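Position in the sequence shown counted from 1, then plus 199, gives you the numbering used here.
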Amino acid sequence: MSKALTGKIYDIQGFSVQDGPGIRTTVFLKGCPLRCPWCHSPESQEFFTELNWLQIRCLGLEACGLCLGVCPHAAITRGPVAENALGEEIIYPEIDKSKCDNCGACAAACKATALYLCGTDKTVAEVMHRLLRDKPFFDESGGGVTVSGGECLCQPGFTLELLKNCKAHGIHTAVDTTGFVKWETLASVLPYTDLFLYDLKCMDSALHKRVIGVPNELILDNAKKIAAAGGRLWIRIPVIPLFNDSEAHFLQYAAFLSALKSSLEMVQLLPYHTMGLSKHERLLKKEKIFVAEPPSDALMEARSKLIASYGLPVRIH
Ligand code: SF4
Ligand code: SF4
């Protein structure tokens with residue numbers, strides 16, 4: 200018997216009202232080809248299951264210390280004296296990610312679940328079993344299922360089967376994508392996708408590549424192809440200070456989006472926020488995350504008005 204197809208999933212969130220129309224359940228798949236420095240879900244970036252550590256749950260080595268000594272690679276040692284949230288002195292474990300192979304031995308030993316593994320392999324049937332529990336809410340609210348990530352289309356076989364199963368059960372489907380995937384992959388899911396939530400992070404390809412790691416031509420081309428094929432689009436623009444928030448940049452957005460008008464149901468402007476910071480620390484990452492003041496309400500209003508002045512439907516998220 201052939202092995203059932205699995206997807207690597209890091210979360211399934213019910214009662215979402217941000218990821219498409221109505222009440223939705225969003226399935227988050229691991230792995231993304233982009234590296235946005237402001238990423239608010241850094242646990243989605245790697246394609247593999249990885250160790251997280253949540254400081255607020257950790258009891259410290261003096262009171263607990265169950266993780267010390269279990270690591271086969273000696274990646275866990277005593278950290279320096281630190282302060283916990285109550286201002287008490289505490290010694291936390293220090294985890295050297297360069298030695299860690301994410302085996303999970305320490306997570307299994309940690310009774311407080313301060314250490315845990317992020318990313319579980321699930322079959323389509325397992326995910327559908329969970330999603331069908333929420334079908335009455337979808338039916339009542341005009342909602343459905345959103346497949347997100349990471350970049351869910353980097354697990355194309357699993358995403359396609361999940362969408363097909365949802366449609367077979369009469370569930371509205373949305374795919375949340377960076378657009379940085381082969382057109383053939385997007386074309387394969389198009390017949391089973393009622394709505395694409397499509398990110399446009401930057402109109403300048405050189406800047407896109409310098410900051411995010413990949414150029415934007417494929418992303419822009421795919422958006423045009425989805426529109427030409429009759430797909431429905433919600434375009435999502437994260438408004439990032441000093442990156443894409445200028446009036447000149449938004450004039451480029453408006454010109455590009457005007458050409459997609461017949462397929463465009465919504466432009467969502469998402470103001471930059473710092474919610475990814477604590478998650479970044481949980482992953483024990485050494486690289487720096489982008490930190491800035493969020494854009495002001497006045498700037499968000501001005502950019503929204505600019506998009507609306509082209510006759511495009513726009514909402515601040
Ligand atoms: S998950 Fe990493 S740190 Fe924990 S025991 Fe395994 S190798 Fe060591
Ligand atoms: S086992 Fe868990 S709670 Fe205990 S010291 Fe280690 S990380 Fe903290």
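C-beta atoms are modelled at their ideal positions from N, C-alpha and C, and glycine is treated no differently. It should be emphasised that the depicted structure is a prediction, and the values quoted were computed from it without experimental measurement.
Any idea if residue 502 is buried or exposed, counting beta-carbon neighbours within 10 angstroms, 16 or more meaning buried? buried
Please confirm whether residue 441 and residue 505 have their CB atoms less than 9 Å apart. no
Measure the C-alpha to C-alpha separation of residue 377 and residue 288 and round it to an integer number of angstroms. 43 Å
Is any heavy atom in ligand 1 found nearer than 8 Å to the beta carbon of residue 301? yes
Could you check which residue in 233, 468, 210 has the C-alpha nearest to that of residue 350? 233
Which one of 217, 434, 249 has the shortest CA to CA distance from residue 301? 249
Determine contact between the stretch 329-338 and the stretch 299-317, defined as no fewer than three beta-carbon pairs at a distance below 8 Å. no
Kindly list the residues whose CB is nearer than 8 Å to the CB of residue 459, restricted to its own chain and excluding five residues on each side of it in sequence; keep chain order. 422, 423, 426, 432, 434
To the nearest angstrom, how far is it from the Cα of residue 405 to the Cα of residue 381? 20 Å
Where do the N-terminal and C-terminal ends of the beta strand (DSSP E) with residue 374 fall, by residue? 371-376
Is residue 363 near ligand 1, in the sense that its beta carbon is under 8 Å from a heavy atom of that ligand? no
With which residues is residue 277 paired in a DSSP beta bridge? 292
Should residue 234 be counted as a contact of ligand 2 given a C-beta to heavy atom distance under 8 Å? no
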